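Each residue of the sequence shown is one higher than the last, beginning at 331 in this note's numbering.
Built from N, CA and C at the ideal position, the CB exists for glycine as well.
Computed from a prediction, not measured in an experiment: that's the story for all the values here.
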Amino acid sequence: MAGSLQTDTQLSADVLLDDSRLPKVPEPGAMVIFGASGDLTARKLIPALYDLATQRRLPMKFAVVGVSRTQMSHDEFRKKLRKTLNEQRAGKVRDSVWESFCGSVFYLPGDTKKAETYQELKDFLKRLDGERGTRGNRAFYLASSPTLFPAVVEKLGEAGMNRGENGGWARLVIEKPFGRDLESAKELNTGIRRYFEETQIYRIDHYLGKETVQNIMALRFSNSVFEPLWSQHYVDHVQITVAEDIGIGTRGAFYEEAGALRDIVQNHLMQVLCLTAMEPPVAFDSEGVREEKVKVLKSVRRIPRDKVGEFAVRGQYTSGWVWGEEVSGYREEKNVAPDSTTDTYVALKLFIDNWRWAGVPFYVRAGKRLPKRVTEIAIQFKRTPHAPFAGAENLEPNILVVRVQPEEGVSLKIGAKVPGSGFRIRSVNMDLLYGTAFLEEVPDAYQRLLLDLMLGDPTLFIRADETESAWDILDPVISSWAESEKVAFYPAGSWGPAESEELVARDGREWRRP
Ligand code: BG6
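The following block contains the structure:
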């Protein structure tokens, strides 16, 4: 598939995706980052902005203002950011680009719970409008601890910064996790809507910025061969895997509060599920796409509170070996309680009760300290109704795997004749590797999302009803787990607990080993 399709793939992608927005440069504006001394700013946001600067995609009149409590000068902030960028890019940062970019990076120390911080910020932004021509347009990026989100929104609103200056725009970007459960997510939405309209709110999930996640839509809706098969008529079941080999690193305190269900399943995994299962949108725009995603979430059958054990597995890693290295168990990690029941692994069996997917199980799993990092969607098709060749009944069924990361691509398992006399059939893969089919460099997810934010396109951001629906699906699991001590342990470096194998084995199926 890879070689012969290469040219066609490039041509058709150009035609079909025709993303005429990409060359657009956003209007002048300022981006304010709350929680600017944190990891996300240095590791993701600034590198993405630097890359946009390299590609001349940033507006000529642009400014970044970092806000957080740490005392730092503009220069100290810039040096800190440059250091992380150097480490990430192994010294390959272009000095000329960085120099001109970092001239538009500023820092304002301040307590985000205090009104005076916002007054100072407001004055500073007005000064930038005058000096740098940012024209009253502001994007406020909430990258601080989620516990501060409500206070920051309220203070922004009270300071009148929920509207741009002099007719400019104001947009609010909120990092995940968006709430802890349905109730807190609703509260957060209500709090935000007191000051900001839905059209100003950009709830970010970086998975939606990944090229290969968007490619799920390209694959489904720009090819006529897959769509007719994409339903309960032909699909036996679907498996979605978000596996990571890393542990929780230095994020013990965060993870104790979150767990895999809140950290990955509620957002990244649910979004992948939506794109896999949704109906074709009328148009690739914010209403078209988000409307269809919400319909999927609303159709997901709610797990009865007293049956959570039948549909969900909560796992936690113990010590073990990953890539030949001995690693400690979750309970031994820093800032983790020695008797913690936090989930580092989740497996769920879900059903989507609609015309297309009735009766088709969606098995989804996410976990840390699994053998490898892989995100994939596997559509397993029903077997052929009759096997005319000897031994063909033992063949694997057709499986279409959309590999989101790493080694991004699509592969289809098919039965083929083994060369030679006789008629032996064997399963083989037809592979399309994006890395060989396209010459273009794959941009980082944040690059795409920050650009869309500045262009005012919320298609790849999450709407209020989406996030609430996703919590609504998980709420019975959350509340049932909160009342129980039951955790299924798995050694680090394995594919998860035995209970997870049983979840699918009860239906006569098994998890893939990607
Ligand atoms: C983040 C989670 O949202 O996604 C992390 O908080 C996780 O725990 C990360 O490691 C995974 O992202 P990616 O892009 O590496 O798949």
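Own chain, CB closer than 6 Å to S434, minus 5 neighbours either side, in chain order: F392, A393
heavy atom of the ligand BG6 below 7 Å from Q601 C-beta: no
Run of the alpha helix (DSSP H) containing V834, from where it starts to where it stops: 828-835
Contacting residues, own chain, Cβ-Cβ under 8 Å from K625 (five flanking each side not counted): So the qualifying residues of the chain are M608, E609, N684.
Proximity to N647 [Cα-Cα], best of W811, R373, V676, V638: The question names Asn, but residue 647 is Tyr in the sequence shown. Y647 has its Cα closest to that of V676, out of W811, R373, V676, V638.
Pairwise C-alpha distance: R408 and G826: 42 Å
Distance cut-off 7 Å: E574 Cβ against heavy atoms of the ligand BG6: yes
Cross-strand partners of H567 (DSSP beta bridge): Bridge partners of H567: Q710.
Range covered by the alpha helix (DSSP H) that runs through W801: 794-812
C-alpha distance - R883 paired with I578, whole-angstrom precision: Past the boundaries of the shown model lies residue 883; the chain is included only from 331 to 844, so the question cannot be answered.
Exposed unless 16 or more other CB atoms sit within 10 angstroms - verdict on M361: buried
Close beta carbons around Q336, own chain, < 8 Å, minus the five adjacent residues each side: Confidence in Q336 is poor, its pLDDT being 36 and thus under 50, which makes the residue's placement too unreliable to answer from.
The ligand COA heavy atom lying under 7 Å from the CB of I594: As far as ligands go, the structure on display features the ligand BG6 and does not contain the ligand COA.
When F614, P507, V630 are compared against I546, the one with the closest alpha-carbon: F614
Proximity below 8 Å, CB of R533 to CB of G494: no
Identity of the residues DSSP links to A677 by a beta bridge: According to DSSP, A677 bridges with V643, R695.
Alpha helix (DSSP H) segment containing S426, residue limits: 425-432
Neighbour-count burial assignment, Q401, 16 or more Cβ in a 10 Å radius: exposed
Presumed contact (8 Å Cβ cut-off) between E796 and G697, rounded CB distance: About 24 Å separates the two Cβ atoms, so there is no contact after all.
Short Cβ contact (8 Å threshold) for I363 with Y471: yes
With 16 other Cβ atoms within 10 Å as the buried cut-off, status of L769: exposed
Residue of G645, G497, L486 minimising C-alpha distance to R818: Residue identity check: residue 818 is Ala in the sequence provided, not Arg. It is G645 whose Cα lies nearest to the Cα of A818.
Neighbourhood of L599 by C-beta, 8 Å cutoff - its chain only, sequence neighbours within 5 removed: I570, V572, V694, A696
K506 CB to nearest heavy atom of the ligand BG6 below 7 Å: yes
Distance cut-off 7 Å: Q735 Cβ against heavy atoms of the ligand BG6: yes
Same chain, Cβ closer than 6 Å to L680, neighbours up to 5 away in sequence not counted: V630, F692
Residues of its chain near D441, where Cβ-Cβ distance is below 8 Å and the 5 sequence neighbours each way are ignored: R399, T447
At least three beta-carbon pairs within less than 8 Å, the stretch 499-513 to the stretch 529-544: yes
Beta-carbon separation (whole angstroms), G466 vs G498, contact threshold 8 Å: Indeed they touch by this definition, with Cβ atoms about 3 Å apart.
R351 to T789 span [Cα, whole Å]: Because the pLDDT of R351 is 47, which lies under 50, any placement of that residue in the model is unreliable, and the question is left without a value.
Three CB pairs or more closer than 8 Å across the stretch 374-392 and the stretch 414-432: yes
Assumed close pair Q739, D761 - CB separation to whole angstroms, cut-off 8 Å: The sequence given here has Gly at residue 739, not Gln. That belief holds up - the Cβ atoms of G739 and D761 are roughly 6 Å apart, short of 8 Å.
Simplified DSSP state of T339, which is helix, strand or coil: With a pLDDT of 39 at T339, under the threshold of 50, the predicted position of this residue should be treated as unreliable, and no value is reported.
C-beta atoms of R699 and V643 nearer than 8 Å: no
Every unbroken beta strand (DSSP E) inside the stretch 385-429 [3 residues or more]: Entirely contained in the stretch 385-429, the beta strand (DSSP E) runs reaching 3 residues are, in chain order, 392-398.
Start-to-end residues for the alpha helix (DSSP H) that takes in D761: Counting along the chain, D761 falls outside any alpha helix (DSSP H), though it belongs to the beta strand (DSSP E) covering 755-763.
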